[in-house]
Amino acid sequence: MIRITGLSKKFPPRRAGGAALQVLRDINLDIAEGEFVCILGASGCGKSTLLNILAGLDRTHGGEVAIDGHAAGATRALRVGYLFQEDRLLPWRSAEQNIDFALTAARVPQGEWAGRKDRWLGMVGLDGFRGYFPHQMSGGMRQRLALARALAIEPQVLLMDEPFSGLDELTARKMRADILRIWAEARKTIVFVTHNAFEASFLADRIVIMAEGRIHETIAVPLPRPRDHDDDALFALNRVVVRRFLDITGGQDAPVQPHAGE
Amino acid sequence: MRELALRLVSVVCALAAWTALSRYLPDDLFPGPLAASTALLENIANGSVFKHLGITMLRVAGGLLIAMVIGAPLGILMGLSRLAEKTLDIWVMIALAVPSLCYGLVCFIVLGLNEWAAVVAIGLTGAPSITVNIWEGVKNIDARLLQMAQAFRANRWLVLYRVVLPQVLPYVMASLRFGLGVIWKIAVLIELLGRPDGVGFQLYYWYQLADMRQVLAWTLLFTLVMLFIELVLFKVLERRLFAWRPTVSA
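Here the protein sequences come in this chain order: A and B. Under the numbering used here, the first residue of the first sequence is numbered 23, with each subsequent residue one higher. Under the numbering used here, the first residue of the second sequence is numbered 31, with each subsequent residue one higher.
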């Protein structure tokens, strides 16, 4: 599980004598093993900074962040998968070699590689594309490959930073369904950052609303799974979430509304 | 295929123009392509080509090595550190601006009329253009990919040869290409200045004897060898190194 206690983060001033930028203030959040949490906020609310801290990329912060009892970034025993907004694949490596890169980086023993690649490439539907280079694949395929790469190191936690916001809505829909299916099978803890209230409502067990570096509210999502994109209860929940968000931010920086016809 | 045909046509046209021009000028002033190639073939037959071309190639290789050894670390440093960039960029510009003849003269005066001086002069002339290319390449490294590698806990070596090197390699190739172009020309000049052999020496020798047939023959040889390196060696190398790119033909 993830335990965040009193987390704060300040960026040093850009100019000498300028004001430091406080991006995170007193964040407290517990995330259970296998839970799917969406962090909802407008751009600049500090949600990406929070993910970087969870990933161990940024260790200069106040407060404590522990994953399974280890401080984030402190030990290799802790495997964290990261899915970025862009695919961030290595263009000079084939699909399979991109996964090899992650396996090498995470020091997975060579004997396990073949099995893991079969499993995760199969699960994202790219088994037949092992030799393809990223530029030969569509945006959706590349993001699925990035997902397979994140999963292949079999992380305790999967972090996702608006991973579908660069995709067209139809592809994104399919990816959301895929991610729920994979989550149901693999039972990873997922922290998913998004500015899209509908996406959060569709995916999450719990929605955490962030604004100006603070957690303002957590909303439990009572919808049963598997969920349906066209479920009326989903739309009702989405309206509640958007309303709460607007109350908190005073109508500023509203998250994305569901598109007409959804 | 079309490109190849276009190239062939342009070569044929140039040869025709050369022939036509040589018809109107006296033979000893401007011989045609046939005369020049015959002279070249004679030189190949009597072995002088291999001796002089060989020694020039060695100097070019040595010069390129020195240029890389000096130029590449400076380029990397300037790409990584703003301080180094701000301190050194004016000097790179100055080094680029100094005429190559000056490097040659200074080296021959300071180091003496020897092989060392020649190779060092060639290397010094080539170094700044290598620095410029590699500096540009290191500056353009994608920070987002570095962050990805860090998120997967890649160690330094893995980051270096899987993430950094593939991004810098095209710039290294460009710098080699560019550096070689500069170095070929300076090598010939340096040989003319202070060496008793090599293609540059031969050019100067025949120039003093006013033998245009031989001057053109050596120029032709030199150009052909350079074209071979550029069009065959570099093309093959790039195709192998950058096979992952969407389009490599340009």
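Even for Gly, the Cβ is constructed at its ideal location relative to N, Cα and C. These numbers come from a predicted model, not from an experiment.
Beta carbon of residue i nearer than 8 Å to that of residue j
i	j	result
I164 (chain B)	G105 (chain B)	yes
M98 (chain B)	I160 (chain B)	yes
W248 (chain B)	Q238 (chain B)	no
G282 (chain B)	A204 (chain B)	A query on residue 282 (chain B) cannot be resolved here, the shown segment of chain B reaching from 31 to 280 and no further.
G95 (chain A)	S30 (chain A)	no
R89 (chain B)	G211 (chain B)	no
A233 (chain A)	T271 (chain A)	yes
R228 (chain A)	V59 (chain A)	yes
V198 (chain B)	V168 (chain B)	yes
L105 (chain A)	A168 (chain A)	yes
E221 (chain B)	T86 (chain B)	yes
L154 (chain B)	A147 (chain B)	no
G56 (chain A)	R209 (chain A)	yes
L180 (chain A)	G103 (chain A)	yes
R174 (chain B)	R110 (chain A)	yes
L189 (chain A)	P248 (chain A)	no
A114 (chain B)	M108 (chain B)	yes
R187 (chain A)	Q132 (chain A)	In the sequence on display, residue 187 (chain A) carries Ser and not Arg. Result no, Cβ atoms of S187 (chain A) and Q132 (chain A) do not sit closer than 8 Å.
M256 (chain B)	W214 (chain B)	yes
V193 (chain B)	L176 (chain B)	yes
Residue i classed as buried or exposed, judged by whether at least 16 other C-beta atoms fall within 10 angstroms
i	result
I75 (chain A)	buried
C67 (chain A)	buried
H281 (chain A)	Summary for H281 (chain A): the model assigns pLDDT 49, below 50, so the residue's position carries little reliability; its value from the coordinates is reported in the next sentence. Burial call: exposed.
C132 (chain B)	exposed
H251 (chain A)	exposed
A50 (chain B)	exposed
G147 (chain A)	exposed
V278 (chain B)	The pLDDT assigned to V278 (chain B) is 48, lower than 50, so where the model puts this residue is not dependable, and the model offers no usable value.
R183 (chain B)	buried
T117 (chain B)	exposed
T97 (chain A)	exposed
F258 (chain B)	exposed
G209 (chain B)	buried
Residues near residue i by beta carbon distance below 7 Å, same chain, minus five either side
i	result
S52 (chain B)	F60, P61 and G62
A42 (chain A)	K32, F33, P34 and P35
A127 (chain A)	none
V215 (chain A)	I61, K69, S70, L73, M182, D183 and E184
H157 (chain A)	P113
R101 (chain A)	A128, I175, E176, P177 and Q178
A219 (chain B)	The sequence given here places Leu at residue 219 (chain B); Ala does not occur at that position. Hits under 7 Å: S130, L131, G134 and G230.
N260 (chain A)	A219, F220, S223 and P280
L246 (chain B)	P61 and A66
A280 (chain B)	Any answer about A280 (chain B) is weak, because its pLDDT of 40 lies below 50 and its placement is not dependable; what the coordinates show is given next. Same-chain partners within the cutoff: there are none.
W274 (chain B)	none
R115 (chain A)	F123
Identity of the residue in the options nearest residue i by Cα
i	options	result
L251 (chain B)	B:E72, B:L34 and B:V39	B:E72
H92 (chain A)	A:R110, A:L105, A:E108 and A:G78	A:G78
I61 (chain A)	A:D269, A:V243 and A:G272	A:V243
L143 (chain A)	A:R101, A:L256, A:P156 and A:I121	A:I121
L126 (chain B)	B:L36, B:V162 and B:G167	B:V162
A65 (chain B)	B:L199, B:L83 and B:L45	B:L45
L46 (chain A)	A:A170, A:F106, A:R265 and A:I26	A:I26
Q44 (chain A)	A:A54, A:T82 and A:D52	A:T82
T68 (chain B)	B:V255, B:A181, B:P276 and B:Q244	B:Q244
V213 (chain A)	A:I53, A:D48 and A:R37	A:I53
R207 (chain B)	B:A273, B:K265 and B:G84	B:K265
R266 (chain A)	A:T97, A:L256 and A:I241	A:I241
E291 (chain B)	B:L95, B:P226 and B:L263	Residue 291 (chain B) is absent from the model: chain B starts at 31 and stops at 280.
Strand pairing of residue i, partner residues [DSSP]
i	result
V223 (chain A)	Here residue 223 (chain A) turns out to be Ser, not Val, going by the sequence shown. Partner(s): none; S223 (chain A) has no beta bridge.
F214 (chain A)	A:C60 and A:M182
Q44 (chain A)	A:K32
I24 (chain A)	A:I53 and A:I89
L239 (chain B)	Answer by DSSP bridge pairing: none, since L239 (chain B) is not bridged.
R236 (chain A)	A:A233
Y104 (chain A)	A:L181
I241 (chain A)	A:I229
G84 (chain A)	A:S30
Sequence-distant residues of the same chain with beta carbon closer than 6 Å to residue i, five excluded per side
i	result
I100 (chain B)	A157
G224 (chain B)	F138 and L143
V189 (chain B)	A179
W135 (chain A)	L125
Beta-carbon proximity list for residue i, same chain, < 8 Å, skipping 5 on both sides
i	result
D253 (chain A)	L245
E86 (chain A)	R25, I26, T27, G28, L29 and A93
A124 (chain A)	R171, A172, A174 and I175
G283 (chain A)	Since pLDDT at G283 (chain A) reaches only 38, below the 50 mark, its modelled position is unreliable, and the value read off the structure follows with that caveat. The answer is none, since no qualifying residue turns up.
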